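Engineer: Handing you a structure now.
Number of protein chains: 2
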Amino acid sequence: MDGMDFFDVVGTQRAMRRLKPDPIPPAVIRRILDAAICAPSGGNRQGWAFIVVQDASLRGKIGALYRESFMLLLEHAPAYKAATTAPAGSPDRKMIDSALYLADHMAAAPVLLLACIGTDGARPGLTSGASIYPAVQNILLAARALGIGSTLTTVHHRFRHDEVRSLLGVPNDVEVAALIPLGYPSGSFGRPPRRPVSEVAFSDRWGARFEG
Amino acid sequence: MDGMDFFDVVGTQRAMRRLKPDPIPPAVIRRILDAAICAPSGGNRQGWAFIVVQDASLRGKIGALYRESFMLLLEHAPAYKAATTAPAGSPDRKMIDSALYLADHMAAAPVLLLACIGTDGARPGLTSGASIYPAVQNILLAARALGIGSTLTTVHHRFRHDEVRSLLGVPNDVEVAALIPLGYPSGSFGRPPRRPVSEVAFSDRWGARFEG
């Protein structure tokens, strides 16, 4: 299972939304979780929890909640709606078609991994994410290193958070920050479509191009 | 610069707060940023920006704002305050001593990297972090793969966010989500102190132990 170069992993991890139903061995899931817990969290509090959902009935219910959430997102986010009528083959259209496929097939992934973060009763904000999304990224990367496809989704949090919490018995002072389907991919890993560093990096001050 | 196994990187990335002043070659900084932009973001919007601060005067001003923020955190967070009087050598005490060192020496790091995320004018919440902290984690991991120490800090956001934005000319609809010092480390990389997977992973439902 070992042997992939770090930069090969980080440079070819991309959202894989078409996943095969084949089961993932427990040792592989554990290896992914062991990568997750190496991530940093605020004050090293490790207020995280990871729910590995493999039960078919629960996956079906989570999948239905995800689909409802995604359809509501299409209504509320004009950019997503517009993407559904973008030219076939364009990056936006490919992304939305893939996302619509996932909305219909979330439950078919053999593992749905939910990444949770305790809030100590405080209202979670942007920087609360600094204590869970680094672990989520480790999950996506470790999965890719082991040949497993994944994608980071959060839309349930906006539209069906209470329902997801209730379904899985998650306490009210814990946020389900991410829903990540895991499975062996139908497609191929590869460099994800991104704007280049030259467009997003600045030197010393906002707007000053970084010449690295 | 290549050749580190992915799991060796992810398993030995830990907060390195004692950094040497030696400069980091521009090509190395670019390599770290190239890893950052491979991360996912909501709808692949890539609303991120990365400010590479190397100017000594700016580093000094950011360092002062960071120190003020950290001292205010000590006043507001009883757990941090308590850690300052924990037994010498205990994990809590080592963490806080290291954090106090960083508070006094942030400006000595040759690079201060600020990870920013656009909000489109909306109030940022927990899941806004899903569009920037995966990139931040890629930065920490790529730095470690290249022998460079780092640590993820966010406390400026709570206490001195407007001042940091103003200093660097960051627009008001952009959040400075992380301040990351980068430098060659004085200490050694190694497995970070963490609770085991068995304590934080559940199977199917909250509270049901994952046997992987």
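In the order they appear, the protein sequences are chains A and B. Just so you know, we're using this note's numbering here: the first sequence kicks off at 1 and counts up by one. Just so you know, we're using this note's numbering here: the second sequence kicks off at 213 and counts up by one. Beta carbons are placed, not taken as given, at the ideal position from N, Cα and C, and that holds for glycine. Note that the structure is predicted; figures quoted are calculated from it, not measured.
1) Quick check on B/I236 - is its C-beta less than 8 Å from some C-beta in chain A?
2) For B/M213, count the other beta carbons within 10 Å of its own beta carbon; 16 or more makes it buried, fewer makes it exposed. Which is it?
3) Counting only Cβ pairs nearer than 9 Å, list the residues of chain A close to B/G223.
4) With hydrogens ignored, establish whether the beta-carbon of A/D173 is closer than 7 Å to any heavy atom of the ligand FAD.
5) Does the segment 225 to 232 of chain B come close enough to the segment 280 to 288 of chain B that 3 or more CB-CB pairs lie under 8 Å?
6) Would you give the residue range spanned by the beta strand (DSSP E) that B/L380 belongs to?
7) In terms of residue numbering, what span does the alpha helix (DSSP H) encompassing A/F50 cover?
8) Looking at the structure shown, is A/M1 part of a helix, part of a strand, or coil, going by DSSP?
9) Buried or exposed: where does A/N138 fall if 16 or more other Cβ atoms within 10 Å of its Cβ makes it buried?
10) If you compare alpha carbons, which of B/G275, B/A389, B/P233 is closest to B/A315?
11) Could you list which residues in chain B have their beta carbon closer than 7 Å to that of A/G43, in chain order?
12) Between A/H76 and chain B, is the shortest Cβ-Cβ distance under 8 Å, so that the two count as touching?
13) If you draw a straight line from the alpha carbon of A/G121 to that of A/G129, how long is it in whole angstroms?
14) Is the segment 28 to 45 of chain A touching the segment 153 to 171 of chain A, taking contact as three or more C-beta pairs under 8 Å?
15) Who are A/C38's beta bridge partners in DSSP?
16) With a Cβ-Cβ cutoff of 8 Å, do A/M71 and A/P181 count as a contact?
17) Specify whether the segment 233 to 249 of chain B and the segment 182 to 200 of chain A touch according to this definition: at least 3 beta carbon pairs, one from each stretch, less than 8 Å apart.
18) Would a C-beta distance cut-off of 8 Å place B/A222 and B/L358 closer than the cut-off?
19) Anything in the segment 82 to 98 of chain A with a Cβ closer than 7 Å to a Cβ of chain B? List those residues in chain order, please.
20) When you compare each of A/R160, A/L126, A/A83 to B/T365 by their alpha carbons, which one comes out closest?
21) Mind pulling the alpha helix (DSSP H) runs of 4 or more residues that sit fully within the segment 79 to 117 of chain A?
22) Select from the segment 176 to 193 of chain A all residues with a C-beta closer than 9 Å to any C-beta belonging to chain B, and list them in chain order.
23) Check whether the Cβ atoms of B/L326 and B/I244 sit closer than 8 Å, and answer yes or no.
24) If contacts are defined as beta-carbon pairs under 8 Å, then B/V348 and A/P134 qualify, I think. What distance do you get, rounded to the angstrom?
25) Below 7 Å between beta carbons is the criterion; list the residues of the segment 121 to 139 of chain A that meet it against any residue of chain B, in chain order.
26) Beta carbon of B/P397, beta carbon of B/G419: below 8 Å?
27) Taking just the CA atoms, how far does A/P193 sit from A/D5?
28) Please classify B/S281 as buried or exposed, where buried requires at least 16 other C-beta atoms within 10 Å of its C-beta.
29) Name, in chain order, the residues that DSSP records as bridge partners for A/G183.
30) Residues of chain A with CB closer than 8 Å to the CB of B/G424, please, in chain order.
31) Between B/S378 and chain A, is any beta-carbon pair separated by less than 8 Å?
Structural biologist: According to the data block:
1) no
2) Model confidence at B/M213 stands at a pLDDT of 45, short of 50, so the residue's coordinates are unreliable; what they give is reported in the following sentence. B/M213 is exposed by the Cβ-count criterion.
3) D34, A35, C38
4) The model on display carries no ligand, and the ligand FAD is accordingly not part of it.
5) no
6) No beta strand (DSSP E) holds B/L380; the alpha helix (DSSP H) holding it covers 373 to 380.
7) Where A/F50 is concerned, there is no enclosing alpha helix (DSSP H), although the beta strand (DSSP E) it sits in stretches over 48 to 53.
8) Note that A/M1 scores a pLDDT of 45, beneath 50, so its modelled location is shaky and nothing firm can be said.
9) buried
10) B/G275
11) A291, Y292
12) no
13) 15 Å
14) no
15) Paired residue(s): none; A/C38 is not in a bridge.
16) no
17) yes
18) First, the residue type needs correcting, since residue 222 of chain B is Val and not Ala in the sequence shown. The answer is no: Cβ separation not under 8 Å.
19) M95
20) A/L126
21) 91 to 105
22) A177, A178, R191, P192, P193
23) no
24) 7 Å
25) P124, G125, L126, T127, S128, G129, A130, Y133, P134, V136, Q137, N138
26) no
27) 21 Å
28) buried
29) A/G149
30) P26, A27, I29, R30, L33, V52
31) no
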